[in-house]
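Participant: Reminder that position 17 of the sequence shown reads as 17 in UniProt numbering, one-by-one numbering, no gaps. Positions of the beta carbon are idealized from the N, C-alpha and C atoms, including for glycine.
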Amino acid sequence: MSCRLRDLALCGTMRRASYLVLSFNTKFMPVRHLATAVGKTKQGDDLPTFQYVGRKPRRKDRVFVWGYSYTGALGIPSFVVPDTGRKKPKQYQLTPYRLDMDEKISSAACGYGFTLLSSKTSDVTKVWGMGLNKDSQIGFHRSRRDRTKGYEYILEPSPVPLPLDKPQSTRVLQVSCGRAHSLILTDNEGVFSIGNNSYGQCARKIVEGEIYSESQLIHRVNRFESRVVQVECGQDHSLFRTEQGEVYSCGWGADGQTGLGHYNVSSKPMKLSGDLAGVNVVQVATYGDSCLAVSSEGNVYGWGNSEYLQFASITDLAQVNVPRLLPFQNVGKVKQVVCGGTSCALLNG
Numbered sequence: 001m002s003c004r005l006r007d008l009a010l011c012g013t014m015r016r017a018s019y020l021v022l023s024f025n026t027k028f029m030p031v032r033h034l035a036t037a038v039g040k041t042k043q044g045d046d047l048p049t050f051q052y053v054g055r056k057p058r059r060k061d062r063v064f065v066w067g068y069s070y071t072g073a074l075g076i077p078s079f080v081v082p083d084t085g086r087k088k089p090k091q092y093q094l095t096p097y098r099l100d101m102d103e104k105i106s107s108a109a110c111g112y113g114f115t116l117l118s119s120k121t122s123d124v125t126k127v128w129g130m131g132l133n134k135d136s137q138i139g140f141h142r143s144r145r146d147r148t149k150g151y152e153y154i155l156e157p158s159p160v161p162l163p164l165d166k167p168q169s170t171r172v173l174q175v176s177c178g179r180a181h182s183l184i185l186t187d188n189e190g191v192f193s194i195g196n197n198s199y200g201q202c203a204r205k206i207v208e209g210e211i212y213s214e215s216q217l218i219h220r221v222n223r224f225e226s227r228v229v230q231v232e233c234g235q236d237h238s239l240f241r242t243e244q245g246e247v248y249s250c251g252w253g254a255d256g257q258t259g260l261g262h263y264n265v266s267s268k269p270m271k272l273s274g275d276l277a278g279v280n281v282v283q284v285a286t287y288g289d290s291c292l293a294v295s296s297e298g299n300v301y302g303w304g305n306s307e308y309l310q311f312a313s314i315t316d317l318a319q320v321n322v323p324r325l326l327p328f329q330n331v332g333k334v335k336q337v338v339c340g341g342t343s344c345a346l347l348n349g
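Structure follows, in structure tokens:
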């Protein structure tokens, strides 16, 4: 994987900040009463926290979190700063723990130590962020002690204001998180980007020496021939899929992950070609520096980092800088793909 200057500063702190967030959209389901069981072993270690269910009807559109808590990414303040003197900080949550939110969450995304949540509500507040915020990747959150300063860590879900022209009629459809930047997709007002733009991953001009901490800048991305229907953040790059089935990209390209035929950075979203030229793409996926796409015909295309032989079916090289058709056989018609840091998976239909 190609080196970045920020890697040296981040790898020591971000290496352990792994967690997951799940969101469900079905309205109601029968469950039991929620109860919490917390205990200790003979050695004094905290036992896992479990939540039991019962028969009374409860909403199913809940968010559950687990994993590393000390960045605040789980959104449970008492895990980091205990609310009573008898409790100890909880570094890891080993099982899914329900996040206490009244809002109906429709999209959730995990970054490197932070989380974004969104709702399709007509309310003014549509997006919430929690966790690491040193690059303003979850927006500017004003300090209560000094109104000129912002918080670098957010311990609970906090509103992320968007500069919407029509806040009551516009809906947020999706959120996506990278290493230190985020994308927010709306139905009628395009895409918004926030956070670190050192490599153009926020789809705006790179400003030398720009300070991202405590930044209030939210950028509206309007560089597409048709409406964007899906956004995906890689580590330091971004992908945009339009309703016409075209894919655009920007950001760090040293592993070919922008798919633009070079290994440079790109701050302007550009349309991908290669084997994707003329193809109707119905889904894109990326993680780290590898990218995948699925066509309406069920074919799979790949580009970016191949250090772990993700694209060994087409090349022996460690980087692929243009989309290539992956000649998979006997897998049927593919309808979904996913990328991991070192592996890939597909789902057929």
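DSSP three-state label for Pro96, please.
Facilitator: Annotated three-state conformation of Pro96 is strand, per DSSP.
Participant: Looking only at DSSP bridge pairs, what is Thr242 linked to?
Facilitator: Val228
Participant: For the alpha helix (DSSP H) that contains Val221, what are its first and last residues?
Facilitator: Boundaries around Val221 are those of the beta strand (DSSP E), 219-221, since no alpha helix (DSSP H) includes it.
Participant: Using the beta-carbon count (16 or more within 10 Å), is Gly278 buried or exposed?
Facilitator: Burial state of Gly278 is exposed, judged by a 10 Å Cβ sphere holding fewer than 16 other Cβ atoms.
Participant: Considering only C-alpha positions, which residue in the set Ala312, Gly131, Lys166, Gly190 is nearest to Ser343?
Facilitator: Minimum Cα distance to Ser343 is reached at Ala312.
Participant: Is it a yes or a no for the region 123-134 touching the region 65-75, going by three-plus beta-carbon pairs under 8 Å?
Facilitator: yes
Participant: Nearest-angstrom Cα distance between Glu214 and Val207?
Facilitator: 16 Å
Participant: With a threshold of 7 Å (Cβ to nearest heavy atom), would Gln174 be considered close to the ligand NAP?
Facilitator: The ligand NAP is not among the ligands present in this structure, which contains no ligands whatsoever.
Participant: With DSSP as the reference, please indicate the residues paired to Tyr68 in a beta bridge.
Facilitator: Tyr92
Participant: Exposed or buried, Pro82, counting other C-beta atoms within 10 Å across all chains shown (16 or more means buried)?
Facilitator: Pro82 comes out exposed.
Participant: Is it right to say Leu94 is buried, meaning 16 or more other beta carbons lie within 10 angstroms of its own, or is it exposed?
Facilitator: exposed
Participant: For Asn196, count neighbouring Cβ atoms within 10 angstroms of its own Cβ and tell me buried if that reaches 16, exposed if not.
Facilitator: By the neighbour-count definition (other C-beta atoms within 10 Å, threshold 16), Asn196 is a buried residue.
Participant: Hey, could you find the ends of the alpha helix (DSSP H) Val80 is sitting in?
Facilitator: 77-80
Participant: Taking contact to mean at least 3 C-beta pairs separated by less than 8 Å, is the region 180-196 in contact with the region 214-226?
Facilitator: yes
Participant: Asp165 to Asp275, Cα distance in whole Å?
Facilitator: Each residue's alpha carbon lies about 38 Å from the other.
Participant: Is Gly150 helix, strand or coil by DSSP?
Facilitator: strand
Participant: Between Tyr151 and Ile314, what straight-line distance do the alpha-carbon atoms span, to the nearest angstrom?
Facilitator: 46 Å
Participant: From the DSSP output, which residues share a beta bridge with Ser306?
Facilitator: BP columns for Ser306 are empty, so no partner.
Participant: Since Val294 contacts Gln336 with CB under 8 Å, what's their CB separation in whole angstroms?
Facilitator: 7 Å
Participant: Alpha carbon to alpha carbon, what distance is there between Thr84 and Phe224?
Facilitator: 52 Å
Participant: Within the same chain, show all residues whose beta-carbon is closer than 8 Å to that of Pro77, passing over the 5 residues directly before and after it, in chain order.
Facilitator: Asp83, Leu155, Glu156
Participant: Hey, out of Asp146, Tyr112, Val247, whose CA is closest to Ser136's CA?
Facilitator: When only C-alpha atoms are compared, the closest one is Tyr112.
Participant: Distance, Cα to Cα, Asn299 vs Ala285?
Facilitator: 14 Å
Participant: Using DSSP with H/G/I as helix, E/B as strand and the rest coil, what is Gly129?
Facilitator: strand
Participant: Starting from Phe328, follow the beta strand (DSSP E) in both directions and report where the run begins and ends.
Facilitator: That residue, Phe328, is in no beta strand (DSSP E); it is neither H nor E in DSSP.
Participant: Identify every residue that forms a DSSP beta bridge with Gln235.
Facilitator: Bridge partners of Gln235: none, in fact.
Participant: Does Gly274 come out as helix, strand or coil in the three-state DSSP assignment?
Facilitator: helix
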